[in-house]
Each structure stands twice: as structure tokens, then as C-alpha cells.
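There are 2 protein chains.
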Amino acid sequence: MTTPKRRRDAAQTRQDLMDVARQRFAHDGYAATTVREIADQAGVNVALISRYFTSKEGLFEACLNSAFTDVRQGAEAVETGDAGFAARLAHRLGDPAVDDRMRTGLLLLIRTSGDERVDEMRRSFLRVMSEKMAVSAGRAATSDEGVLRAQMLLAAIVGIVMMRNITGLDPLSSAGADALLEPVTDLVDALLPRV
Amino acid sequence: MTTPKRRRDAAQTRQDLMDVARQRFAHDGYAATTVREIADQAGVNVALISRYFTSKEGLFEACLNSAFTDVRQGAEAVETGDAGFAARLAHRLGDPAVDDRMRTGLLLLIRTSGDERVDEMRRSFLRVMSEKMAVSAGRAATSDEGVLRAQMLLAAIVGIVMMRNITGLDPLSSAGADALLEPVTDLVDALLPRV
DNA sequence: CCTAGAAGTAAACGGTTGCTGACTTATTAT
DNA sequence: ATAATAAGTCAGCAACCGTTTACTTCTAGG
Chain R
1 MTTPKRRRDA AQTRQDLMDV ARQRFAHDGY AATTVREIAD QAGVNVALIS RYFTSKEGLF
61 EACLNSAFTD VRQGAEAVET GDAGFAARLA HRLGDPAVDD RMRTGLLLLI RTSGDERVDE
121 MRRSFLRVMS EKMAVSAGRA ATSDEGVLRA QMLLAAIVGI VMMRNITGLD PLSSAGADAL
181 LEPVTDLVDA LLPRV
Chain E
1001 MTTPKRRRDA AQTRQDLMDV ARQRFAHDGY AATTVREIAD QAGVNVALIS RYFTSKEGLF
1061 EACLNSAFTD VRQGAEAVET GDAGFAARLA HRLGDPAVDD RMRTGLLLLI RTSGDERVDE
1121 MRRSFLRVMS EKMAVSAGRA ATSDEGVLRA QMLLAAIVGI VMMRNITGLD PLSSAGADAL
1181 LEPVTDLVDA LLPRV
């Protein structure tokens, strides 16, 4: 019991449920995560999930939307197009204390719920996201080659985050921001060099 | 009915089950895939999964082992260390007809079953695999920096395969081997240059 | 041809899942 | 203080999960 007895607060409870759900969905996937586990970990009853989010899918959709926001503003803070892009990215990826939300957000980007409508939301977000990346690197948003390279960079980043957090493979999983700096810089410069 | 009525053949049925299971596990994940779906798609009864593989986890473990073999020999065929590495890799990744087994194999590498023993198998395989990659690129297997870079390359490849096959994001998902050649070459040269 | 055993099926089991409706408890406004 | 309402709990539902047991059907060896 972190909070020995918490005052009733619907908004806070809703937020707690989302925080827990994001972690579990991101780490274990949608199907492997049960609503009871989420509720238990949040310290409330299962029925509140249905009340606040209609259904498990509704909760996942809410998580995905908040993940969009986090990844988007994380990306804006990081890829302003100047030379320090790779360094800041490495810092974000490497330091576990820095940005837990962006990490789980990135993982959620490839976790499917089985609902085609939700998948389309994700696809649309990824498309916009990769076009922004291409533009900020000096390409046209309509340039297939630039967008392709941006999507490959995004996929590579997601893959690295996933491998670090899911498999627990060393030295990748335990590498800090300093160890990641050089290879991440090389990766960014190679896939999406500024023109 | 591709085969209007097939002769009874235990070995063939076992193989059919594994083929179907690999696809489904790779694409949808372990928890989201049911044994009934697998059996139905293979055209046999559910009970045969327990008979031939003891359990769903046993089936997954068998799939993972066959994925190890495929990825290993796919990697051996591709990364002999010479200059054509990136080109062959791009060809394997891009052409859907070329190597379906290596594609599903790569996807299985980050699909967890929840069983810690299985996860350890995967971790061990990934470690050996990345050390081989580092060595074939001219690093020592004990070099943390070389192995880290190899693991990042592996993670990037897995991420790209995943993004291509799971999200259906264009132009990445529909890009052919020719479109992938240049960026993949840049990616490989950047993350794991031969020394 | 016939039979022993392998290959495959059908049906049901206990357990778990997501979800719901009736209920209790705390908080707020008067 | 107390009624009204929001916040949260409880117990159970129907459906589905993985697995098993008893059964049927095919096939190979004599």
C-alpha cells in the first residue's frame, strides 16, 4: 500500500488504470493481459474498467491515444532537425529514468488488439509521424524514398526498444545512454541523413 | 480443400500443425492464437496438438526451435562477411516469395509465451547469433561494443520485419527488394561496418 | 480377408475470460 | 444531520480457453 487509504477520486482512478494498462499492454501484449490483473495492480475493482472505458478494447484504445500523444511530443522534443537529434534520441532511449512514457508508448505502437479499426488508427498515426520525420530531415512529405527511410528508422527504433525491454538480452538491454550514443548516431545518420 | 482427401500421415500432420502455428504465432502472438484456430486451419482435430506436442507451449517451443534453425541458416547464407551482405539481406527481406520461413522465424524471435524457460532459450540463441554476427564483421566475440552493435542491427531488422508484416504501413510494407536495397545497405554499413 | 494398432474425432471437463446488474460505501450540497 | 448521488464492490453470467478421455476410422502386416 503506497497510499494507505486513498480518497475516492474518479479521475485519478481512471488515470491509474490507464497507467497500469499501458505498462502491461506494452510489455505483455493485449491478449496476454487480463482486465483483472490491471484492476488488481491499480488497486481497484474490475468493474471500473467497464465503467470508465466501456470495455477492454476501449481501455486499449485510450492507452494507444495517450501513447500517440507521448510519442508525438517526445519526437517533437527530440527531432527538431538540428545536429543534436541523435544524441537526444540516444539519451531518451538509454536512460530508464528519463522517459518511461515514451518507452511504453513506442512499444504500444506495434501491439495489436485484433480490432481492425484500432489498427487503422495506428497506421494513420505512423504515416503522419513518418512524414513529419521525413520533412524535418529535409525531404518532401510526398517523397516515397524519404518517407520509406523515415519509416525504416522508426521501425528500427521500435525494434531496439522492444528487444531491450522484452527479451532482456545483454549487452543491449543493460546499455546506458552513453553506450548507445555512438551506434544510435550512426543509425540515424545512415537511415535519415539531413539534406 | 487443396488436397481433397489426404491420406493419414502423422509426420505430415505434425508438420502441417507447425507450419500453421508458426504463421499465427508470428503474426498474432502467442496468447492471441488459440489451439482450435491452429487445428482448424490445419484441417485436423484439436486433440492432435496435445498428442503431438504435449501442450500449446510445447507447440510454441517446437516452432521456436524450427525458427532458430531457419534464421540461423538464413543468416549463414546471407552474412558470409563479404561485400554482398547487405544486398542479399535486402533481397531476403523484400521479396515475399523468397523466404517466408525466415520472415516468420524473425518475428517469432520477439514473441513471448510467458514461460521463462522458453524466454531463456530465446535469449541464449540471440546472444550466440549476435556474437557470430560481430565476429563475421571482424570484431571479437568478447567485444561488448561489437556485440552491442550486432544486437542493435538484429533488433533493427526484426523491427523492420515486424512493422512491414504487422502494421501494413505504406510505403514500408509494400516496398520490394529493389526499394529496400539502398537503405538496408546504409543501415548495415552504419551499424556493423566490416573492420 | 482380417485384425492389431496407429491416426484422427467428438464431446465434455474444469478453469479463466470479459462483462454486467444489484448492491454497499463514501462524499457533497443543502 | 441527512438525503442525493457519485465511487466503488461483489458475485455471478455466458462464452471461450487448453486439455483429456472415450470413441471411431483408417491402414498396414499376416
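Taken in sequence, the protein lines are chains R and E. The numbering of the first sequence is the numbering used here, which starts it at 1 and goes up by one. The numbering of the second sequence is the numbering used here, which starts it at 1001 and goes up by one. Cβ coordinates follow ideal geometry from the N, Cα and C atoms, glycine included.
Assigned exposure category for residue i - 16 Cβ within 10 Å defines buried
i: Arg36 (chain R); result: exposed
i: Asp40 (chain R); result: exposed
i: Glu131 (chain R); result: buried
i: Met1 (chain R); result: Note that Met1 (chain R) scores 37 on pLDDT, short of 50, meaning its location in the model is unreliable and no value can be drawn from it.
i: Asp1115 (chain E); result: exposed
i: Val1184 (chain E); result: buried
i: Arg7 (chain R); result: exposed
i: Arg92 (chain R); result: buried
i: Thr1112 (chain E); result: buried
i: Ala83 (chain R); result: exposed
i: Arg1051 (chain E); result: exposed
i: Thr1033 (chain E); result: buried
i: Arg139 (chain R); result: buried
i: Asp70 (chain R); result: buried
i: Leu1191 (chain E); result: buried
i: Asp16 (chain R); result: buried
i: Ala1047 (chain E); result: exposed
i: Gly176 (chain R); result: exposed
i: Val1158 (chain E); result: buried
i: Val195 (chain R); result: exposed
Unbroken alpha helix (DSSP H) run spanning residue i, endpoints
i: Val1044 (chain E); result: Where Val1044 (chain E) is concerned, there is no enclosing alpha helix (DSSP H), given that its DSSP letter is neither H nor E.
i: Ile157 (chain R); result: Asp144 to Met162
i: Thr198 (chain R); result: Outside the displayed range of chain R (1 to 195) lies residue 198 (chain R), so it cannot be described from this structure.
i: Val195 (chain R); result: Neither: Val195 (chain R) is in no alpha helix (DSSP H) and is coded neither H nor E.
i: Arg139 (chain R); result: No alpha helix (DSSP H) holds Arg139 (chain R); DSSP gives it neither H nor E.
i: Ala1090 (chain E); result: Phe1085 to Gly1094
i: Gly100 (chain R); result: The residue asked about is misnamed: residue 100 (chain R) is Asp in this sequence, not Gly. That run of the alpha helix (DSSP H) goes Asp100 to Leu108.
i: Asp1019 (chain E); result: Ala1010 to Asp1028
Rounded separation between residue i and residue j - CA only
i: Phe1025 (chain E); j: Val1161 (chain E); result: 15 Å
i: Tyr30 (chain R); j: Glu57 (chain R); result: 9 Å
i: Met18 (chain R); j: Pro193 (chain R); result: 37 Å
i: Gly105 (chain R); j: Asn165 (chain R); result: 12 Å
i: Phe1085 (chain E); j: Ala1077 (chain E); result: 9 Å
i: Ala1155 (chain E); j: Leu1187 (chain E); result: 12 Å
i: Ala1150 (chain E); j: Asp1144 (chain E); result: 10 Å
i: Arg1014 (chain E); j: Val98 (chain R); result: 48 Å
i: Arg1101 (chain E); j: Ser1066 (chain E); result: 9 Å
i: Cys1063 (chain E); j: Gln12 (chain R); result: 43 Å
i: Asn45 (chain R); j: Ala10 (chain R); result: 13 Å
i: Arg72 (chain R); j: Ile1049 (chain E); result: 44 Å
i: Phe1068 (chain E); j: Met1129 (chain E); result: 10 Å
i: Val135 (chain R); j: Ala141 (chain R); result: 6 Å
i: Asp1170 (chain E); j: Ser1124 (chain E); result: 34 Å
i: Thr3 (chain R); j: Gly43 (chain R); result: Note that Thr3 (chain R) has pLDDT 45, beneath the 50 cutoff, so the model's placement of it is unreliable and no number is given.
i: Val147 (chain R); j: Leu1108 (chain E); result: 27 Å
i: Val972 (chain E); j: Met163 (chain R); result: In the structure displayed, chain E extends from 1001 to 1195; residue 972 (chain E) sits before or after that span and is not available.
i: Met1152 (chain E); j: Ser55 (chain R); result: 37 Å
i: Leu181 (chain R); j: Leu89 (chain R); result: 8 Å
i: Asp1178 (chain E); j: Gly1094 (chain E); result: 8 Å
i: Thr244 (chain R); j: Pro96 (chain R); result: Residue 244 (chain R) is absent from the structure shown; chain R starts at 1 and stops at 195.
i: Ala137 (chain R); j: Ala1087 (chain E); result: 25 Å
i: Val20 (chain R); j: His27 (chain R); result: 11 Å
i: Arg1022 (chain E); j: Ala75 (chain R); result: 35 Å
i: Met133 (chain R); j: Phe1053 (chain E); result: 46 Å
i: Ile1038 (chain E); j: Glu1061 (chain E); result: 15 Å
Proximity test, residue i beta-carbon vs the ligand ATP heavy atom, cut-off 7 Å
i: Ile157 (chain R); result: As presented, the structure is devoid of all ligands, the ligand ATP included, so that no description of it is given.
Residues in the segment 122-138 of chain R with C-beta within 8 Å of chain E's C-beta atoms, listed in sequence order?
-> Arg122, Arg123, Leu126, Arg127 and Ser130
Report the residues of the segment 1160-1174 of chain E with a CB closer than 8 Å to any CB of chain R, ordered along the chain.
-> Ile1160, Met1162, Met1163, Arg1164, Ile1166, Thr1167, Gly1168, Leu1169, Asp1170, Pro1171 and Leu1172
Listed in chain order, which residues of the segment 30-48 of chain R have Cβ atoms closer than 9 Å to some Cβ of chain E?
-> Tyr30, Ala31, Ala32 and Thr33
Residues, ordered as in the chain, of the segment 1074-1097 of chain E that lie near chain R by beta-carbon distance below 7 Å | none
Interface residues of the segment 1102-1117 of chain E facing chain R [CB-CB below 7 Å] = Ile1110, Thr1112 and Gly1114
Taking a cut of 8 Å between CB atoms, which residues from the segment 14-30 of chain R lie near chain E?
-> Asp28, Gly29 and Tyr30
What residues in the segment 1139-1152 of chain E bring their beta carbon closer than 7 Å to a beta carbon of chain R?
-> Asp1144, Val1147, Leu1148, Arg1149, Gln1151 and Met1152
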